[in-house]
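Presented below is the structure to which this report refers.
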C-alpha cells in the first residue's frame, strides 16, 4: 500500500522545490552544508490549494497531482530556455554566419510538466534551408538551396558549432554533449536545465497546400548525432491538437496527463518505476488524448467544485487504461496525436500499462468513497 504522506511530500518537492532549495532561493543564502542549513531555516514555501483541503491524503494528492505547476515557476523555465537559445543564435549568426530560429517544444510548452525545475526543450532551427516533402507543389516556388551540402551535413555543422559555442558562452554551466538529439545545459547560473535541439524545417504536403501556412502543419527534422541521421517530428501539430482537445474538455486532458506523470514519479519500487517510465510524457499525452468523451465530467451537473469534480477522472482514466489492456486490437490501433507512430510500439509499454492500472487502483476506492459520501450529503 502506498504511503500518501510520503507521496504528498514528494509532490510538494517536485512542484515547489525542496524546503532547503526554496529557502536558499528566496533568501539568497549560501550555507556550506545541507545539515547546517536545515538547522537554520524554516519552510518558506507557500501552501497550495490542494494542501489546504479538509480531506484525506489521497484526495489531496490526486487534486494536487492534476494541478498546473505555479505559473511564475513555469515562466522562469520559459525565460531560461529563451535566454540560452537567444545567446546561441546571436553567436551563431555574428561569428559563424549560421542563422537560426528558436522554437520551444515539449512538456513546458504544453504546460503538462510536473516539476518546479522542469527541463526546457529548445529547437534551434536552421534558416534558409528546408526539406520539402515530395512531390513539392509548384505554386510554392521553393528556391534551390545555396548550400550544396546535404541537410545532414548542414545540421551536423550546426550541432558541432553549438557544442563549441555553449561552453564558452556559459563557462560555469555543465554542458553535456553526449546526447544524440540534444546538448544539455545544467547548473552554474542556469535556473533550469535547458536542452538545445539542432533541427531544420520539414514542409509537409499539408503545409504546402495550406494557404494560411499554419505552423502546426510544418514539421521539423532533428539531427541524431550518433547515427548521423534526421528524425522527422511534428511538435507544433502535437501541441495544437492536445491544446484544442484540452480546451474542448475544460482542461481535463492535461489534468489526466499530469496525474499519470505524477503517479509514475511516485512509484516507490525502482524496478517498477523504470518499467512504468517506458510510457513517456509524449505517450501519456497521447493516451489521454484518446479518452475523448471520458474527459467530459460535467462539473455543474454533479454539484461539485471543479477541482473536486476532477476526482471522477481517476475512475475514468483507470477504466480507459483497462480497456487498452484488455483489447489488444484497439490498443495497437492508436496513434500519437500527430499520426507519426503508434503509441504502443513495443511490448515494454504493455507492462508499463499494467503497472499504471495497479497504481491507480490503489487510490481509486478512496476517491470513489469520497464522491459517494458527497452525493449522499447533497441528495
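In this note's numbering, the protein residues as written are -12 to 366. Cβ atoms here follow ideal geometry from the backbone N, Cα and C, with glycine treated the same way.
Please determine if the stretch 160 to 174 and the stretch 83 to 92 are in contact, where contact requires at least 3 C-beta pairs separated by less than 8 Å.
The answer is no - the stretch 83 to 92 does not touch the stretch 160 to 174, with fewer than three Cβ pairs under 8 Å.
Output the distance between the C-alpha atoms of residue 298 and residue 355, rounded to the nearest integer angstrom.
Going from the Cα of residue 298 to the Cα of residue 355 covers about 8 Å.
Cα-Cα, which of 3, 81, 144 is closest to residue 30?
Closest option to residue 30, Cα to Cα, is 3.
Distance CB(residue 53)-CB(residue 245) smaller than 8 Å:
Yes, the Cβ-Cβ distance between residue 53 and residue 245 is below 8 Å.
Determine whether the beta carbon atoms of residue 278 and residue 182 lie at a separation below 8 Å.
No, the pair does not count as a contact, with Cβ atoms beyond the cut-off.
Exposure of residue 352, with buried meaning 16 or more beta-carbon neighbours within 10 Å
Under this definition residue 352 is an exposed residue.
Cα-Cα separation between residue 289 and residue 283, rounded to whole angstroms
Note that residue 289 has pLDDT 44, beneath the 50 cutoff, so the model's placement of it is unreliable and no number is given.
State the CB to CB distance for the pair residue 46 and residue 357, rounded to an integer number of angstroms; the pair is presumed to be in contact (CB under 8 Å).
Between residue 357 and residue 46 the Cβ distance is about 5 Å, and since that is below 8 Å, they are a contact.
Report the three-state DSSP secondary structure of residue 205 (helix, strand or coil).
In this structure, residue 205 counts as strand in the three-state DSSP scheme.
Given this structure, state the Cα-to-Cα distance separating residue 375 from residue 346, to the nearest angstrom.
The requested residue 375 does not occur in the structure, where the chain is confined to residues -12 to 366.
Inter-stretch contact at 8 Å, needing at least 3 Cβ pairs: the stretch 178 to 198 / the stretch 68 to 75:
Touching, yes, given that three or more Cβ pairs across the two stretches are closer than 8 Å.
Quick check: what's the CA-CA separation for residue 63 versus residue 173?
The alpha-carbon atoms of residue 63 and residue 173 are separated by roughly 14 Å.
Does DSSP put residue 115 in a helix, a strand or coil?
In the structure shown, residue 115 sits in a strand (DSSP, three-state: E or B).
In this structure, what does DSSP give as the bridge partners for residue 220?
Looking at the DSSP output, residue 220 shares a beta bridge with 207.
In terms of residues, what are the limits of the alpha helix (DSSP H) holding residue 154?
Its alpha helix (DSSP H) spans residues 138 to 156.
Three or more beta-carbon pairs under 8 Å between the stretch 249 to 258 and the stretch 319 to 330, yes or no?
Cβ pair count under 8 Å is below three, so no.
Which of the three DSSP states, helix, strand or coil, is assigned to residue 278?
Coil.
Are residue 75 and residue 141 close, meaning C-beta to C-beta below 8 Å?
Their beta carbons are not under 8 Å apart, which means residue 75 does not touch residue 141 by this criterion.
Which whole-angstrom value is the C-beta distance of residue 170 and residue 138, which I expect to be below 8 Å?
About 19 Å; that fails the 8 Å criterion.
Cβ-based neighbour list, residue 213, same chain, cut-off 6 Å, excluding 5 preceding and 5 following:
Closer than 6 Å at Cβ, skipping near neighbours: 167.
Please state whether DSSP places residue 236 in a helix, a strand or coil.
It is coil, neither helix nor strand.
By alpha-carbon positions, which one of 207, 217, 238, 116 ends up nearest to residue 223?
207 is the residue among 207, 217, 238, 116 whose C-alpha sits nearest the C-alpha of residue 223.
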